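Asks: Numbering (my numbering), first residue to last: 70 to 256.
Ideal Cβ positions, reconstructed from N, Cα and C, are used throughout, including at glycine.
All values derive from a computational prediction rather than experimental measurement.
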Amino acid sequence: MTEQKQLNPVLKLVLDIGPLVLFFAANARFGIFAATGAFMAAVLIALAVSYVMTRHIAIMPVVTAVIVLVFGGLTLVLHDELFIKLKPTIIYVLFGGTLLGGLAFGKPLLGMVFDQMFSLTDEGWRKLTWRWALFFLLLAVINEIVWRTQTTDFWVSFKLFGVMPLTFVFGALQMPLINKYSVERKS
């Protein structure tokens, strides 16, 4: 089995966050509907660049892209921003639910996603999967509260300046668990 090519970490970060930054900038300048169209295009471009560079695409970006295209398309066709606001909630519930479902069947699915990055014991993968599943479900609740109680501009800003930092901080807070349950890879 050959090892899959990996993206440069800086390029991966740009491909992951770039569409959201473009969404924020386009919303500030042109409004939510133009921002939604730009976001949809940027997500597709990010997937294409990722595929060209590595010759594979991870499942999470594909699922995210499909949901962005469906809900972004509904937003544009029906001219109703509700759909793009629901998109994060659906993605977070889907990811959190999938992780919990994997645990219910004895498969900590997070290990399949992050196995290239680090190697943990089975207990470590279970604990990390539980934490990320609950974090995604919490993000779903937060998204619902923010879009239902705040302006569209605030919601868009919160996605970039609230959710992204929360996710980075949460990820960093997992390092003690990762270090505790880390195992040496056999060459």
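#1: By alpha-carbon positions, which one of V112, A95, L169 ends up nearest to T133?
#2: Just list the residues that DSSP pairs S188 with in beta bridges.
#3: Are the beta-carbon atoms belonging to L160 and I136 less than 8 Å from one another?
#4: What does the alpha-carbon distance come out to for the pair L203 and W216?
#5: Can you name, in chain order, every residue of its own chain whose Cβ lies under 7 Å from the Cβ of V252, other than the five neighbours on each side?
#6: At what residues does the alpha helix (DSSP H) containing F102 begin and finish?
#7: Check whether the region 99-119 touches the region 137-144, taking contact to mean three or more Cβ pairs, one atom from each stretch, closer than 8 Å.
#8: Report buried or exposed for E192, applying the criterion of at least 16 other Cβ atoms within 10 angstroms of its Cβ.
#9: Considering T158, what are the terminal residues of the alpha helix (DSSP H) in which it resides?
#10: To which residues of the same chain is G240 closer than 8 Å at the C-beta, ignoring the five residues directly before and after it?
#11: Would you kindly work out how many angstroms separate the C-alpha atoms of V146 and M244, rounded to a whole number?
#12: Only counting the same chain, and skipping five residues up and downstream in sequence, which positions put a Cβ closer than 7 Å to that of R200?
Replies: On the basis of the supplied data:
#1: Indexing the sequence shown from 1 puts residue 133 at position 64. Ranking V112, A95, L169 by Cα distance to T133 puts V112 first.
#2: For this step, residue 188 is matched to residue 119 along the sequence shown. For S188, which the question treats as bridged, DSSP gives no partner whatsoever.
#3: Here residue 160 refers to the residue found at position 91 when the sequence shown is read from its first residue. Here residue 136 refers to the residue found at position 67 when the sequence shown is read from its first residue. Contrary to the premise, residue 160 reads as Ile rather than Leu in this sequence. Against a cut-off of 8 Å, the Cβ pair of I136 and I160 comes out as a contact.
#4: Position 134 of the sequence shown, counted from the start, is the residue given in the question as residue 203. Position 147 of the sequence shown, counted from the start, is the residue given in the question as residue 216. Going from the Cα of L203 to the Cα of W216 covers about 20 Å.
#5: Here the question's residue 252 lines up with position 183 in the sequence shown. The answer, listed in chain order, is S188, L189, T190.
#6: On the sequence shown, residue 102 is found 33 positions in, with the first residue counted as 1. Taken as a continuous stretch (DSSP letters only), the alpha helix (DSSP H) holding F102 covers 101-123.
#7: yes
#8: Against the sequence shown, residue 192 aligns to sequence position 123. E192 is exposed by the Cβ-count criterion.
#9: Stepping through the sequence shown from its first residue, residue 158 is reached at position 89. 151-173 is the span of the alpha helix (DSSP H), which, as asked, contains T158.
#10: For this step, residue 240 is matched to residue 171 along the sequence shown. Here the set comprises nothing.
#11: Counting from one through the sequence shown, the residue named residue 146 turns up at place 77. Counting from one through the sequence shown, the residue named residue 244 turns up at place 175. If you take the alpha carbons of V146 and M244, they lie about 43 Å apart.
#12: Within the sequence shown, residue 200 is the residue found at index 131, counting from 1. These residues qualify, in order along the chain: Q243.
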